[in-house]
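Undergrad: Chains as they are written, first to last, in our numbering: chain A, 94 to 442; chain B, 2 to 262.
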Amino acid sequence: MAEVSVHNVTKRFGKFTALSDVSMEFPDGGFFALLGPSGSCKTTLLRTIAGFLFTDGGTIRIGQQVVDDIPVEKREIGLMFQNYALFPNMTVADNVGFGLRVRKVGASEERRRIGEALDLVQLGHLGDRKPHQLSGGQRQRVALARAIVTRPRVLLLDEPLSALDKSLRVDMQIELKRIQREIGITTIFVTHDQEEALTLSDKIGILREGRMIQSGPPRDVYNNPVDVFTAEFLGDANIIAGRGQGQRLERPQAGGILVPPGSDTASALAVRPESISISTFEPIQDGISKVNATLVQRMFAGAMSTCIAEGDGNTYKVIGRDLDIPEVALGQKVWLSWKAVHTIVIPGQ
Amino acid sequence: MSGLLLARLGKIWLFCILVFLYAPILVMAFMSFNASQYYQLPFEFSLKWYEKLAGNAEILDAATRSILIALVTTVIATVLGTAASVALFRFEFRGKRFLQVMLFPPIAIPWLITGTAMLIFFYGIGLGRGTPSVIIGHVALAIPYVIVVVSARLATFDHTLEEAARSMGASGWTVTRRVTMPWIAPGIIAGALFAFAVSFDQFVVSYFLSEPGDSTLPVLIYTSIRKGFTPEINAISTIIITVSMVVMLIAARFSNFGGER
Numbered sequence: 094m095a096e097v098s099v100h101n102v103t104k105r106f107g108k109f110t111a112l113s114d115v116s117m118e119f120p121d122g123g124f125f126a127l128l129g130p131s132g133s134c135k136t137t138l139l140r141t142i143a144g145f146l147f148t149d150g151g152t153i154r155i156g157q158q159v160v161d162d163i164p165v166e167k168r169e170i171g172l173m174f175q176n177y178a179l180f181p182n183m184t185v186a187d188n189v190g191f192g193l194r195v196r197k198v199g200a201s202e203e204r205r206r207i208g209e210a211l212d213l214v215q216l217g218h219l220g221d222r223k224p225h226q227l228s229g230g231q232r233q234r235v236a237l238a239r240a241i242v243t244r245p246r247v248l249l250l251d252e253p254l255s256a257l258d259k260s261l262r263v264d265m266q267i268e269l270k271r272i273q274r275e276i277g278i279t280t281i282f283v284t285h286d287q288e289e290a291l292t293l294s295d296k297i298g299i300l301r302e303g304r305m306i307q308s309g310p311p312r313d314v315y316n317n318p319v320d321v322f323t324a325e326f327l328g329d330a331n332i333i334a335g336r337g338q339g340q341r342l343e344r345p346q347a348g349g350i351l352v353p354p355g356s357d358t359a360s361a362l363a364v365r366p367e368s369i370s371i372s373t374f375e376p377i378q379d380g381i382s383k384v385n386a387t388l389v390q391r392m393f394a395g396a397m398s399t400c401i402a403e404g405d406g407n408t409y410k411v412i413g414r415d416l417d418i419p420e421v422a423l424g425q426k427v428w429l430s431w432k433a434v435h436t437i438v439i440p441g442q
Numbered sequence: 002m003s004g005l006l007l008a009r010l011g012k013i014w015l016f017c018i019l020v021f022l023y024a025p026i027l028v029m030a031f032m033s034f035n036a037s038q039y040y041q042l043p044f045e046f047s048l049k050w051y052e053k054l055a056g057n058a059e060i061l062d063a064a065t066r067s068i069l070i071a072l073v074t075t076v077i078a079t080v081l082g083t084a085a086s087v088a089l090f091r092f093e094f095r096g097k098r099f100l101q102v103m104l105f106p107p108i109a110i111p112w113l114i115t116g117t118a119m120l121i122f123f124y125g126i127g128l129g130r131g132t133p134s135v136i137i138g139h140v141a142l143a144i145p146y147v148i149v150v151v152s153a154r155l156a157t158f159d160h161t162l163e164e165a166a167r168s169m170g171a172s173g174w175t176v177t178r179r180v181t182m183p184w185i186a187p188g189i190i191a192g193a194l195f196a197f198a199v200s201f202d203q204f205v206v207s208y209f210l211s212e213p214g215d216s217t218l219p220v221l222i223y224t225s226i227r228k229g230f231t232p233e234i235n236a237i238s239t240i241i242i243t244v245s246m247v248v249m250l251i252a253a254r255f256s257n258f259g260g261e262r
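(1) Run through chain B and tell me which residues come within less than 8 angstroms of residue 119 of chain A, C-beta to C-beta.
(2) Within 10 angstroms of the Cβ of residue 340 of chain A, are there 16 or more other Cβ atoms? Answer buried if so, exposed if not.
(3) At the level of alpha carbons, what is the spacing between residue 95 of chain A and residue 276 of chain A?
(4) Exposed or buried, residue 336 of chain A, counting other C-beta atoms within 10 Å across all chains shown (16 or more means buried)?
(5) Are the beta-carbon atoms of residue 155 of chain A and residue 168 of chain A separated by less than 8 angstroms?
(6) Just curious, the beta strand (DSSP E) that residue 426 of chain A is in, first and last residue?
(7) Which residue wins for smallest C-alpha separation from residue 208 of chain B, given the options B/221, B/178, B/105 and B/128?
(8) Strictly by DSSP, which residues pair up with residue 399 of chain A?
(9) Within 10 Å of its beta-carbon, does residue 225 of chain A have 16 or more other beta-carbons around it, so buried, or fewer, so exposed?
(10) Under a Cβ-count criterion, where at least 16 other Cβ atoms within 10 Å of its own Cβ denotes burial, should residue 99 of chain B be classed as buried or exposed?
(11) Run through chain B and tell me which residues come within less than 9 angstroms of residue 232 of chain A, C-beta to C-beta.
(12) Cβ closer than 8 angstroms: which chain A residues qualify as neighbours of residue 170 of chain B?
(13) Just checking: is the beta-carbon of residue 393 of chain A within a distance shorter than 8 angstroms of some beta-carbon in chain D?
(14) Tell me the DSSP bridge mates of residue 100 of chain A?
(15) Could you list which residues in chain B have their beta carbon closer than 7 angstroms to that of residue 172 of chain A, in chain order?
(16) In chain B, which residues lie less than 7 angstroms from residue 180 of chain A when you measure between Cβ atoms?
(17) Use the C-beta contact count for residue 103 of chain B: other C-beta atoms within 10 angstroms, 16 or more gives buried, fewer gives exposed.
(18) Name the chain A residues whose beta carbon is nearer than 7 angstroms to that of residue 183 of chain B?
(19) Taking 8 angstroms as the CB-CB limit, is residue 324 of chain A close to chain B?
(20) On the DSSP letters alone, give me the boundaries of the alpha helix (DSSP H) that residue 152 of chain B sits inside.
(21) Is there at least one Cβ from chain B nearer than 8 angstroms to residue 402 of chain A's Cβ?
(22) If I measure Cβ to Cβ from residue 343 of chain A and keep anything under 6 angstroms in the same chain, skipping five residues before and after, which residues do I get?
(23) Is the Cβ of residue 238 of chain A closer than 8 angstroms to any Cβ of chain B?
(24) Around the Cβ of residue 303 of chain A, are there at least 16 other Cβ atoms within 10 angstroms (buried) or fewer (exposed)?
(25) Looking at the C-beta of residue 25 of chain B, does it have a partner C-beta in chain A at a distance below 8 angstroms?
(26) Cβ atoms of residue 366 of chain A and residue 428 of chain A: under 8 angstroms apart, would you say?
(27) Would you mind reading off the limits of the beta strand (DSSP E) that contains residue 91 of chain A?
(28) So residue 185 of chain B and residue 155 of chain B are supposed to be a Cβ contact under 8 angstroms. How far apart are they, rounded?
(29) For residue 217 of chain B, count neighbouring C-beta atoms within 10 Å of its own C-beta (all shown protein chains included) and say buried if the count is 16 or more, exposed if not.
(30) By the three-class DSSP mapping on this structure, what secondary structure does residue 117 of chain A have?
(31) Whole angstroms are fine: how far does the CA of residue 285 of chain A sit from the CA of residue 332 of chain A?
(32) Suppose only complete runs of 3+ residues qualify. What are the beta strand (DSSP E) ranges in the region 154-226 of chain A, listed by chain order?
(33) Compare the C-alpha of residue 373 of chain A against each of A/388, A/382 and A/297 and name the closest.
(34) Counting only C-beta atoms, is residue 175 of chain B closer than 8 angstroms to chain A at any point?
(35) Looking at residue 189 of chain B and residue 60 of chain B, is the spacing between their C-beta atoms short of 8 angstroms?
(36) Does the Cβ of residue 197 of chain B have 16 or more other Cβ atoms within 10 Å, making it buried, or fewer, making it exposed?
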């Protein structure tokens with residue numbers, strides 16, 4: 094096990110700069126997500142850490158070792174692919190044992206460790222099967238067992254769960270987290286699924302067009318996005334553009350939107366849909382932001398409902414418990430309100 | 002109703018094509034078992050042409066030579082062709098596209114022209130005619146076939162398998178031996194069979210490049226037909242056709258040639 098450090102890494106493909114000046118620390122034993130939309134080069138970063146690609150600048154360390162010139166086969170990493178990449182001509186046990194055979198650990202040691210790894214992923218009884226005889230979830234587990242059996246320093250996962258259907262995915266998330274805790278391996282995984290990133294990781298890094306926009310614990314990044322992109326990408330956000338730009342923000346608009354005390358200049362304000370309440374009468378409490386708006390849409394989704402309201406030149410999305418939202422006909426006026434602390438201040442550039 | 006009619010017509014059409022392809026061969030095979038030297042009917046079963054063939058050292062020598070040349074060609078062409086396919090699959094390099102395109106003309110250029118060119122070339126470099134020239138010529142003809150067949154198989158190979166193997170610590174050679182090779186093995190076998198067939202059935206290039214007295218079987222058959230036709234030729238041809246067909250059927254099985262079963 095080891096910590097991983099990515100320091101000012103740059104990677105170019107011809108004239109295209111895939112990664113520019115990316116830095117992120119991955120402390121020992123943590124679970125980390127690299128999150129970004131497609132084209133953010135998050136997979137490129139993972140492949141650079143893995144050693145399939147070499148950096149054009151900057152330094153990558155695994156443990157104390159600078160690995161910039163070390164190819165993938167010497168980096169002692171475990172890797173799990175989106176399509177699992179199980180060897181179709183080998184049994185489950187031979188797949189898992191591949192890395193051990195390459196290392197020539199000896200037959201009895203090899204058998205013991207294959208057994209251990211398969212037990213860890215709860216597939217001890219399927220060692221003799223071929224990959225094509227397994228379900229998607231089982232293949233996933235074999236791929237995981239194969240990635241950790243050599244006791245690598247780091248486990249790298251490339252969109253590990255994206256090929257599974259929703260319910261299986263949630264099961265595997267829990268399973269993945271359990272196994273990661275059990276063996277305490279530093280794990281870095283790439284995903285475009287923000288929910289997955291928020292649920293699983295101790296720290297997330299948000300990438301956009303090859304730049305690390307923000308990194309930190311999920312709650313910090315969610316509550317304090319550094320820019321409009323992050324605010325909208327991670328969770329939903331109503332962006333209230335242009336308000337209070339370059340000025341003190343105690344009360345950007347009389348009777349309108351309040352910001353948390355002590356906020357500095359902002360380039361934009363944002364509010365999460367789940368922070369907003371809807372009422373038919375004007376709220377009178379102190380310390381809340383309020384907007385008079387017209388209800389345009391209401392979508393029922395079981396426990397929760399989503400409403401769209403327009404007011405004050407903005408469109409607001411509101412998500413709340415269905416029973417908390419008053420019965421109002423579409424086109425009627427409503428009041429939207431939220432606490433001052435729930436106004437997200439996106440720092441000025 | 003018309004669909005059924007069409008299906009029936011299609012079957013008749015297919016049958017006609019098969020008759021067109023196989024009738025002459027069947028007649029020849031049939032006649033190799035006929036006692037009469039002049040193809041006289043009624044048919045009288047006899048193995049005498051096969052017996053005569055067994056005593057004909059010239060034909061048997063040529064057959065042995067043909068098989069040996071075909072085997073050597075197969076080994077060389079398969080090794081070189083497979084290595085080339087893997088390189089074309091794995092690496093990006095300048096001129097790769099050009100190289101790939103240039104693999105196809107040798108298949109399309111008439112063998113007569115290739116043969117003439119080779120003959121001039123081998124005399125030019127001082128190698129002249131003889132078995133080494135024949136083998137080099139056959140290898141050159143067979144390589145494109147091997148590359149086409151092996152590359153087709155490689156195209157279905159998931160290259161993340163190689164990456165997975167490397168991430169587990171396997172070096173380049175181990176990856177090739179343990180992961181890539183097992184996957185493309187059917188392609189290699191099919192390619193080898195094609196190479197064997199190309200060499201064994203080769204007439205034009207062999208005729209140009211072999212020395213008199215060192216003929217391959219097809220060349221010998223051609224020269225003996227010119228001297229006077231004997232049913233011994235039918236007998237040896239029947240054997241060759243049977244062997245070739247078995248080889249091609251095995252190749253077809255390995256390469257999914259002619260569609261999935």
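For glycine and all other residues, C-beta sits at the position ideal for the given N, C-alpha and C. These numbers come from a predicted model, not from an experiment.
TA: The answer reads as follows:
(1) Here the premise fails: no neighbours, minimum Cβ distance about 18 angstroms.
(2) Note that residue 340 of chain A scores a pLDDT of 42, beneath 50, so its modelled location is shaky and nothing firm can be said.
(3) Whole-angstrom Cα-Cα distance: 12 angstroms.
(4) Residue placement at residue 336 of chain A is poorly supported in this model, since its pLDDT is 49, which falls under 50; the coordinates still yield a value, given next. By the neighbour-count rule (16 or more Cβ atoms within 10 Å), residue 336 of chain A is buried.
(5) A contact, by the Cβ cut-off of 8 angstroms.
(6) Segment 426-432, the beta strand (DSSP E) holding residue 426 of chain A.
(7) The candidate whose alpha carbon is nearest that of residue 208 of chain B is B/221.
(8) The partner list for residue 399 of chain A (beta bridge, DSSP) reads A/392 and A/412.
(9) By the neighbour-count criterion, in which a residue is buried when 16 or more other Cβ atoms sit within 10 angstroms of its Cβ, residue 225 of chain A is exposed.
(10) With fewer than 16 other Cβ atoms inside 10 Å of its own Cβ, residue 99 of chain B counts as exposed.
(11) Against chain B, the beta carbon of residue 232 of chain A has no neighbour under 9 angstroms; the closest one sits roughly 12 angstroms away.
(12) Going along chain A in sequence order, the residues near residue 170 of chain B (Cβ under 8 angstroms) are 166, 167, 169, 192, 195, 196 and 243.
(13) Protein chains A and B are contained in the structure displayed, whereas chain D is not.
(14) Residue 100 of chain A is bridged by DSSP to A/152.
(15) Neighbours of residue 172 of chain A in chain B, taken as residues whose beta carbon is under 7 angstroms from its own, are 165 and 168 in chain order.
(16) One finds 162 and 180 in chain B with Cβ atoms closer than 7 angstroms to the Cβ of residue 180 of chain A, taken in chain order.
(17) Counting C-beta atoms within 10 angstroms of its own C-beta, residue 103 of chain B has fewer than 16 neighbours from the protein chains shown and is therefore classed as exposed.
(18) Residues of chain A with a Cβ closer than 7 angstroms to the Cβ of residue 183 of chain B are, in chain order, 182.
(19) The Cβ of residue 324 of chain A sits no closer than 8 angstroms to any Cβ of chain B.
(20) Where residue 152 of chain B is concerned, the enclosing alpha helix (DSSP H) stretches over 132-155.
(21) Residue contact with chain B for residue 402 of chain A: absent (no Cβ-Cβ distance below 8 angstroms to any residue of chain B).
(22) Bear in mind that the predicted position of residue 343 of chain A carries a pLDDT of just 44, short of 50, making it unreliable; the figure below should be weighed with that in mind. If we look at residue 343 of chain A and ignore the five residues flanking it on each side, it has no Cβ neighbours.
(23) The C-beta of residue 238 of chain A comes no closer than 8 angstroms to any C-beta of chain B.
(24) Buried is the call here.
(25) Not a single C-beta of chain A is nearer than 8 angstroms to the C-beta of residue 25 of chain B.
(26) Not in contact: residue 428 of chain A and residue 366 of chain A (Cβ atoms no closer than 8 angstroms).
(27) Since the first residue shown for chain A is 94 and the last is 442, residue 91 of chain A is missing from the structure and cannot be characterised.
(28) At roughly 6 angstroms, the Cβ-Cβ gap stays under 8 angstroms, so residue 185 of chain B and residue 155 of chain B are in contact.
(29) By the 10 Å Cβ count, residue 217 of chain B comes out buried.
(30) It is a strand residue.
(31) Spanning the two alpha carbons is a distance of roughly 22 angstroms.
(32) For the region 154-226 of chain A, the continuous beta strand (DSSP E) assignments of 3+ residues that do not extend past its boundaries occur at 170-173, in sequence order.
(33) Closest by alpha carbon: A/388.
(34) It does; some Cβ of chain A falls within 8 angstroms.
(35) No, Cβ-Cβ distance for residue 60 of chain B and residue 189 of chain B is not below 8 angstroms.
(36) Buried: at least 16 other Cβ atoms inside 10 Å.
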